[in-house]
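Protein sequence lines correspond, in order, to chains S and X. So the first sequence is numbered by this note's numbering: it starts at 1 and just counts up by one. So the second sequence is numbered by this note's numbering: it starts at 1001 and just counts up by one. Each residue gets a CB set at the ideal place from its N, CA and C atoms; glycine is no exception. Take a look at the structure below.
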Amino acid sequence: MTPIQRWGATAGILVLAIAATFVLDPYRNYLLAMTAAYVCATSGLSLLVGRTGQLSLGHAAFMAAGAYAFALTSNALAEADAPGPVHLLVPFLAAVVVASVVGLIVGVAGARLHGPYLAGLTLALVIALPAIASTFGGLFGGDAGLYVSVERRPDWLSTVIATEQWQAWVGLIVAAIVFGALAQLVRSPSAIRMQAVRDDESAARLSGIDPVRVRVGMFGISAAAAGLGGGVLAYVTQAVSPGAYSLTFSLFLLVAVVIGGVGTLAGAVWGAIVIVLVPEITTAITEALPLPAELSQRLDGNLAIVVFGVILVVVMLAAPQGIHGAVAALTGRLRRRRPRTAPPAPTT
Amino acid sequence: MTQPHARATTVSAIALAVAGALVLSSCSTPQAEAQPGLTDDSIKIGTHQPLTGPAAASYAPISAATAAYFDYVNAEGGINGRTIDYIVKDDGYNPANTQTVVRELVLEDEVFAILGGLGTPTHSSVLDFLNDNGVPDLFVSSGSSAWNQPEKYPGTFGFQADYVTEGMVLGQYISEEFDGKKVCLFGQDDEFGTDMQAGLEKVLGADGLAEVQTYSVSNQDVAAQIVALQSAGCEVNVLATITGFTALAIGTAAQLKYFPQWVSSSSGADYGPLSGYLGEAAPLLLEGFVSDNYLPSATEDDNKWIELFKQVNDEYNDGADFTGSVVYGMAMGYLFAEALLAAGEQPTREGLIAAVQSGELKGSGLVPLGFSEDNHSGYLGAGITVVHDGVQAAIDKRWVRDGDKVVVYDKPPVELLSGGIPS
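This is the structure in structure tokens:
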């Protein structure tokens, strides 16, 4: 596929997804908007971990950077009575710029670090977030965070679609842009440079590749994607607070990437779906089971974490390549079983 | 080719006619618009509460108490023949979760109304959503003045005396009882702290506070702030703190051999949990502890409301620790039952809001409620409680807010009638 065809494919998927929002009820559309936000973060993280081998435990912090940038810009524009399209688009630009700058700075510091040391650095970032928010409480609103005054759906649309459907559209469009851009990256020469750096740094150096530049670049791109995800979350939930970008959430992102399939974009989508659906399903289960009210309420918030862990273990045992790997293997097998009219599968 | 086509046309014409007839016939019946969550014998309402996470320890008992009160009402036949189905969702005090669970309640479970959603940051994030969807958003569990914006949020109502009012009431008591002493404030670094400060300064004057120190919930070490208060020579310290931090402040000060007069907002003054935090030294450290409250105190003996709530707590709440949170939760349930009764035999969402605005609701507090068409705040003032020998009891001093000052309220508190079930 040429780059233009790839963008075309992304646009085609986007159109289908937007068409699907007409079938979904408002609550499902809201979940779809959340999924879109998570896709932004997991797709960047998946490539970061899978392609350059840099482990980030602090991706929630980059989402938070994007979300706070979005909130501050959006509130300032609302104050200044900015025209609708500006109020809608500029905050997203701010989110991506701020998040990538933060990502590049951390990337520069982290480019010399490997494995657990880099993980430690990013971990510190996400743990420091509440302290940063309360130290600069005047700006970031402390633990309570900020209320985000956003540009709502245009008036002429308000009779046609619900707020949630509009939010899903915004989320899907942003996710499509991130996804499309990363899909180009995966097929570009840079992807090969990244793999070279990941697999053997000395060999990469001998081939004239600057490992620091490759790593920092990927870190920045990944943070920018996460920042856009944070922007979508801020837009949809109209709130930013340090509690929403906790260490647990950060680890969820990483676990989701591993469950989906590290290093692949399709895996990132699976991961985002898992993040959104697992709490939904566990809530449905605890409500369906004849448990005492107190126990089911207690399970309500905690069971999802357990289920996440179980899914991770099961997926790692049954499909080490993640959900995407399992699905790809399955479709491959089905294709091979087709009638002999198809050309025989190449043997290696 | 024409025949199947024609048949399809006929079928769809019949379907349209049937649908049209259904629409028309449903229009002529009294329950013209089906109200979400409402059937002939039940009404479904929901709330978001911190059942897990850092805020759970102090606030999870509230919704359990409300649920117990509704069980009591349902056992007695409900309100207007309808039982109350109360759905509690956990948001872990995290606005991102609140967004999700409230949408689930409104769009999936189709609740009739939201009751007592807890927390300022959490509930702020769903104000627009609830009002856009015309969902009655009753009695938010937080003292923020954000709930009182009838123009912008016509469906949202407060419950507590707001923090500014609490600050004014405490300021009035301080100016009467501790005149000439150096007054300081130790507050949370958000609206809770700043609103209390504004209230205190309205009464004590702009320079009425000698020192203001703040804390952030994510940092459990308050020694620096307490030392600052001590070295500023503060004699009366007002606390705009949640329960855990009230205990931290008093405990830390005691370790520093610093024993000022403590005066606390009702939000962090629940004697039960406080003595739990402070352990054996509690009776000594809390002796003379002043706070405001708009509801009767849990440790009071001769109060009919407390007697009833204790009874309901034993019977329907497995005899959980009877604290201020339990009283709060049950008072919340009672107020909703009152509103539902006032909304009539066939309540609608608009009707429920109109019933609250009618000003007929009495509540179970020490002071009157402020609900009217242009006021959506809850209790208008508060009384003073003082701890003496391990009992936190109201002394007969109550004020209600009137603009920028407070006036004495001396009418008797609301009486308990008909077994605590509005009728």
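Nearest neighbour of residue i, chosen from the options [CA to CA]
i	options	result
residue 1240 of chain X	X:1220, X:1188, X:1409 and X:1113	X:1188
residue 213 of chain S	S:128, S:226, S:229 and S:193	S:193
residue 1219 of chain X	S:177, S:131 and S:181	S:131
residue 1332 of chain X	X:1069, X:1401 and X:1406	X:1069
residue 186 of chain S	S:15, S:50, S:160 and S:39	S:50
residue 1324 of chain X	X:1280, X:1392 and X:1366	X:1392
residue 353 of chain S	S:207, S:219, S:87 and S:63	The requested residue 353 of chain S does not occur in the structure, where chain S is confined to residues 1 to 348.
residue 1337 of chain X	X:1074, X:1371 and X:1153	X:1074
residue 1149 of chain X	X:1124, X:1169, X:1167 and X:1071	X:1124
residue 1141 of chain X	X:1135, X:1164, X:1114 and X:1134	X:1114
residue 287 of chain S	X:1088, X:1156, X:1276 and X:1407	X:1088
residue 229 of chain S	S:189, S:262, S:272 and S:203	S:272
residue 1379 of chain X	X:1178, X:1349 and X:1157	X:1157
residue 1122 of chain X	X:1111, X:1090 and X:1328	X:1090
residue 243 of chain S	X:1082, X:1095 and X:1039	X:1095
residue 1 of chain S	S:225, S:184 and S:307	S:184
Cross-chain neighbours of residue i in chain X, by beta carbon under 9 Å
i	result
residue 25 of chain S	1107 and 1108
Three-state secondary structure (DSSP) of residue i
i	result
residue 114 of chain S	coil
residue 315 of chain S	helix
residue 105 of chain S	helix
residue 1023 of chain X	Unreliable positioning characterises residue 1023 of chain X in this predicted model, as indicated by a pLDDT of 39, which lies under 50. The coordinate reading is nonetheless provided below. Residue 1023 of chain X: helix per DSSP, three-state reduction.
residue 306 of chain S	helix
residue 324 of chain S	helix
residue 1044 of chain X	strand
residue 1214 of chain X	strand
residue 998 of chain X	Residue numbering for chain X in the displayed model covers 1001 to 1423; residue 998 of chain X lies beyond these limits and cannot be assessed.
residue 1385 of chain X	strand
residue 1049 of chain X	strand
residue 1182 of chain X	coil
residue 286 of chain S	helix
residue 1309 of chain X	helix
residue 1124 of chain X	helix
residue 1392 of chain X	strand
residue 1030 of chain X	Caution applies to residue 1030 of chain X, whose pLDDT of 39 falls short of 50 and renders its modelled position unreliable; the model cannot decide the point.
residue 1099 of chain X	helix
residue 18 of chain S	helix
residue 219 of chain S	helix
residue 1114 of chain X	strand
residue 1245 of chain X	helix
residue 1419 of chain X	helix
residue 1140 of chain X	strand
Chain S residues whose Cβ lies nearer than 9 Å to that of residue i
i	result
residue 1216 of chain X	130, 131, 133, 134, 135, 137, 142 and 143
residue 1120 of chain X	144
residue 1190 of chain X	137, 141, 142, 143 and 144
Within-8 Å CB hit, residue i to chain X
i	result
residue 30 of chain S	yes
residue 165 of chain S	no
residue 124 of chain S	no
residue 243 of chain S	yes
residue 147 of chain S	yes
residue 302 of chain S	yes
Min CB distance residue i to chain S below 8 Å
i	result
residue 1223 of chain X	no
residue 1303 of chain X	no
residue 1404 of chain X	no
residue 1104 of chain X	yes
Neighbouring residues, chain X, relative to residue i (Cβ below 8 Å)
i	result
residue 237 of chain S	1095, 1096, 1099 and 1125
7 Å Cβ cut-off: residues of chain S touching residue i
i	result
residue 1132 of chain X	163
residue 1162 of chain X	By Cβ distance, chain S contributes nothing, its closest Cβ being about 16 Å from residue 1162 of chain X, past 7 Å.
residue 1128 of chain X	238
residue 1085 of chain X	Near residue 1085 of chain X there are no residues of chain S at all, since even the closest Cβ is about 12 Å away, more than 7 Å.
Cross-chain neighbours of residue i in chain S, by beta carbon under 8 Å
i	result
residue 1219 of chain X	131 and 134
- Which runs of the alpha helix (DSSP H) spanning at least 4 residues fall entirely within the region 119 to 195 of chain S, listed in chain order? Correct list: 137 to 140 and 163 to 186.
- Could you name each continuous alpha helix (DSSP H) segment of 4 residues or more that falls completely within the region 40 to 110 of chain S, going from the start of the chain to the end? Fully enclosed alpha helix (DSSP H) runs of 4 or longer: 59 to 79 and 84 to 110.
- Segments of 3+ residues assigned as beta strand (DSSP E) that fall wholly inside the region 1336 to 1379 of chain X: Correct list: empty.
- Message: Please give me, in chain order, every unbroken run of the alpha helix (DSSP H) with length at least 4 that falls completely inside the region 222 to 272 of chain S.
- Response: Complete alpha helix (DSSP H) runs here, min 4: 247 to 260.
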